[in-house]
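**Student:** There's a structure below that I have some questions on.
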Amino acid sequence: MKPEIKIMPNAGELARAAATEFVNRAVTAVRANGLFSVALSGGTTPKSVYSLLASDPSLRTQVPWDRIHFFWGDERHVPPDHPDSNYRMAREAMLASVPVPAANIHRIKSEYSDAQSAADEYEQVLRAFFALAPEALPRFDLVLLGMGPDGHTASLFPGTDALGERKRLVVANWVEKFNAFRITMTLRVLNNAASVIFFVSGAEKAAVLREVLEGERGRFPSQLIQPTDGSLLWLVDAAAWPKRERR
Ligand code: 6PG
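When the letters of the sequence shown are read in order and numbered with the numbering used here, they come out as residues 1476 to 1722.
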């Protein structure tokens, strides 16, 4: 399916559009199936979306909080109270101040000293939650993703082993430039979602965004996000989408 691209005038409007997309998908999924499963992303762009969902009365009151199951698409290899923790970011921006049952929050146990154990355990969490047969894949209602200036998404960085993973749902991915592991869902899981939304904000992302969307295929991990049977929406602000010159 061809991706949809929506360009918002600024970062604030981007966050509002993203929060509205979240609410619409949550309401629709809960109406159809009684629950909504979402994989959250880390990074600064999603943070403003989470804050808005929790604090804007017109959005907050529409969200079926007790029917949502929160997962993470990736996590840094740090304990949950660490300033770099994606879980901590989502908790502080949103989860601590909304009526979501603790049992609906499925975080990655990134405090384990062995990142692979954290990945293995999270894979089991997904298998149990989605009641998966051995070869089956989880199907999230929504996967939220950011994109780094190097074209990475989730913790799928250029040139890393996780990009080639064909069996696992979650892996510990060694990222040389950080000299650290990241724990990340694999492409096969992300691409099996019913819907995926990328958030991209800021001028420092403009060059790579253009390459990712219009350049040669297969150069950046973000280009590998192509839902097999789902929708893909790019929510972009004007700074990340400078006016295109005529070709
Ligand atoms: C993380 C992410 C990562 C992030 C991008 C964009 O843990 O860092 O999940 O993939 O979404 O790096 O981050 P920004 O929005 O901060 O640029």
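Quick reminder that beta carbons are idealized off the backbone N, C-alpha and C, glycines included.
What's the C-alpha gap between S1530 and P1554?
**Tutor:** Going from the Cα of S1530 to the Cα of P1554 covers about 26 Å.
**Student:** What residue range is occupied by the uninterrupted beta strand (DSSP E) comprising D1723?
**Tutor:** Lying outside 1476 to 1722, the shown extent of the chain, residue 1723 is not represented and no answer is given.
**Student:** Is it the case that the CB of M1622 approaches a heavy atom of the ligand 6PG more closely than 8 Å?
**Tutor:** For the ligand 6PG, at least one heavy atom lies less than 8 Å from the Cβ of M1622.
**Student:** Looking only at its own chain, which residues have a Cβ that is under 8 Å from the Cβ of D1712, when we skip the five neighbours before and after it?
**Tutor:** Here the set comprises I1482, M1483, P1484, N1485, A1486, E1488, L1489, V1675, S1676, G1677.
**Student:** Measuring CA to CA, which of W1540, A1590, K1584, D1556 is closest to M1569?
**Tutor:** Of W1540, A1590, K1584, D1556, the residue nearest in Cα terms is W1540.
**Student:** Tell me whether T1520 sits in a helix, a strand or coil according to DSSP, three-state version.
**Tutor:** Looking at T1520 - three-state DSSP - the assignment turns out to be helix.
**Student:** Run through DSSP, which three-state label would D1549 get?
**Tutor:** DSSP places D1549 in strand when its eight states are reduced to three.
**Student:** Can you check which of these residues, N1666, V1524, F1673, is closest to R1535 by C-alpha distance?
**Tutor:** That would be V1524, whose Cα lies nearest to the Cα of R1535.
**Student:** State yes or no: is the C-beta of K1481 nearer than 8 Å to some heavy atom of the ligand 6PG?
**Tutor:** No; taking the cut-off as 8 Å, the Cβ of K1481 has no heavy atom of the ligand 6PG nearer than that.
**Student:** Which residue comes first and which comes last in the alpha helix (DSSP H) that contains R1491?
**Tutor:** Counting along the chain, the alpha helix (DSSP H) containing R1491 begins and ends at 1486–1508.
**Student:** Between the region 1648–1662 and the region 1562–1578, can you find at least three pairs of beta-carbon atoms closer than 8 Å?
**Tutor:** Touching, no, given that fewer than three Cβ pairs across the two stretches are closer than 8 Å.
**Student:** Taking the runs of the beta strand (DSSP E) that are 3 residues or longer, which of them lie wholly in the region 1621–1679?
**Tutor:** Fully enclosed beta strand (DSSP E) runs of 3 or longer: 1645–1650, 1655–1660, 1670–1675.
**Student:** Can you tell me whether E1598 is buried or exposed? The criterion is at least 16 other CB atoms within 10 Å of its CB, across all chains shown.
**Tutor:** So E1598 ends up on the buried side.
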